[in-house]
Amino acid sequence: WFDACVDAHVKLGWKPLGRETISHDPSDGGDAAAYVYRKGSVILAIDEMPEGTEINDAMDWATTAAEEIRADMFIWDGDGMGAGLRAQAKKALSGKQCQLSMFKGSLSPMNPNQVYQPIDGELKKAATNANTFSNQRAQFYWLLRDRMFKTYLAVERGEYQNLDEMISFSSSIELIDQLRAELCRIPRIPGGRIQIMSKPDMKSKLKLDSPNLADCVMMSESADYVAVQKSTSTDYDSRGNSAGWT
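Counted the way this note's numbering counts, the sequence shown spans residues 27 to 272.
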């Protein structure tokens, strides 16, 4: 599936159009920090800072990237140490037309009563988001998985798919091999609802490095949900809000 998504927008003839988003995974407990730049359904760039980078320095680095591309939305991981970065994000992007969203994957699924439509043949029946996913991390990893599968069907089998439901990874991404390795080994915990193994458990039980790049792509999936929410504050926990480019 991943290989079919590489330059899918080139293979299928669509241009990167739509919302420009930076999603940032802060360095947490010695992990490397990373960010992803996404435009519409295309992942255009990925970057990573060395392990041990101070968390505030990494946030400055990511918000600078958002300012440089005049991002429409800035998302960062608010579980763990990222919870303390709200004020820094607001200050960095104050006065910019940039929606801020602190993503918390541990929260209950967004739109809990909305029916999740599984890809034909994968599940016997549809169920609500609340009955399908254990939390937002599982919800958006699974939606990313669905995008990748639909892209595979379009590229490899010639089946029609809505381009807004597909995803493309630009071949110009220098860290694309690392992204592939991370996305293709995200472990699921067996159970009634879909649940993704936590990063601490990946390290302790499976000896896997933290999937920072994959998490950034996953968080970018929440942008569509965030954008339709309404708020009068300047930030939003996993829901979003405006800040304003002048």
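Glycine included, every Cβ here is placed at the ideal spot set by N, Cα and C.
Excluding the 5 residues flanking residue i on each side, which residues of the same chain have their C-beta closer than 7 Å to its C-beta?
| i | result |
| --- | --- |
| threonine 241 | As written in the sequence, residue 241 is aspartate, which differs from the threonine given in the question. Once the five neighbours on either side are set aside, the close Cβ partners of aspartate 241 are Asp51, Asp103. |
| serine 196 | Asp33, Val68, Ile69, Leu70 |
| asparagine 82 | Gln114 |
Do residue j and residue i count as a contact pair if the criterion is CB distance below 8 Å?
| i | j | result |
| --- | --- | --- |
| alanine 115 | phenylalanine 100 | yes |
| alanine 118 | threonine 89 | yes |
| serine 248 | phenylalanine 166 | yes |
| serine 49 | serine 246 | yes |
| proline 135 | alanine 156 | yes |
| tryptophan 27 | tyrosine 178 | yes |
| threonine 47 | alanine 84 | no |
Taking buried to mean at least 16 other C-beta atoms within 10 Å of its own C-beta, is residue i buried or exposed?
| i | result |
| --- | --- |
| threonine 258 | For threonine 258, the predicted structure reports a pLDDT of 30, less than 50, and the residue's modelled location is therefore unreliable. A value from the coordinates is still provided. So threonine 258 ends up on the exposed side. |
| cysteine 124 | buried |
| alanine 152 | exposed |
| serine 198 | exposed |
| isoleucine 215 | exposed |
| proline 226 | exposed |
| glycine 131 | buried |
Going by beta carbon distance, what residues of the same chain come within less than 8 Å of residue i, once the five residues before and after it are set aside?
| i | result |
| --- | --- |
| threonine 26 | A query on residue 26 cannot be resolved here, the shown segment of the chain reaching from 27 to 272 and no further. |
| aspartate 86 | Gln114, Ala118 |
| alanine 58 | Glu74, Met75, Pro76, Glu77, Thr79, Ser236, Asn238 |
| alanine 253 | Arg45, Met99, Gln125, Gly266 |
Any heavy atom of the ligand SAH closer than 7 Å to the CB of residue i?
| i | result |
| --- | --- |
| arginine 112 | For the ligand SAH, the structure offers nothing, since it holds no ligand at all. |
Leaving out five residues on either side along the sequence, give the residues of the same chain with a beta carbon under 6 Å from the beta carbon of residue i.
| i | result |
| --- | --- |
| serine 268 | Bear in mind that a pLDDT of 39 at serine 268, under 50, signals an unreliable position, so the number given afterwards is only what the model happens to contain. Within the same chain, serine 268 has close Cβ partners Gln125. |
| tryptophan 168 | Ile220 |
Discussion item. Taking 8 Å as the cut-off, does the segment 218–225 touch the segment 159–170 (at least 3 CB pairs, one atom from each stretch)?
Written reply: Yes, the segment 159–170 touches the segment 218–225.
Discussion item. Count Cβ pairs between the segment 51–68 and the segment 189–198 that sit closer than 8 Å; are there 3 or more?
Written reply: The segment 51–68 makes contact with the segment 189–198: 3 or more CB pairs, one atom from each, lie closer than 8 Å.
Worksheet item: What are the uninterrupted segments assigned as alpha helix (DSSP H) that are 4 or more residues long and contained completely in the segment 227–256, given in chain order?
Response: If we require 4 residues or more, the alpha helix (DSSP H) runs fully inside the segment 227–256 come out as 238–246, 249–253.
Discussion item. I'd like to know if the segment 203–222 and the segment 230–239 are in contact, where contact means that at least 3 CB-CB pairs between them fall below 8 Å.
Written reply: Result yes; three or more Cβ-Cβ pairs closer than 8 Å.
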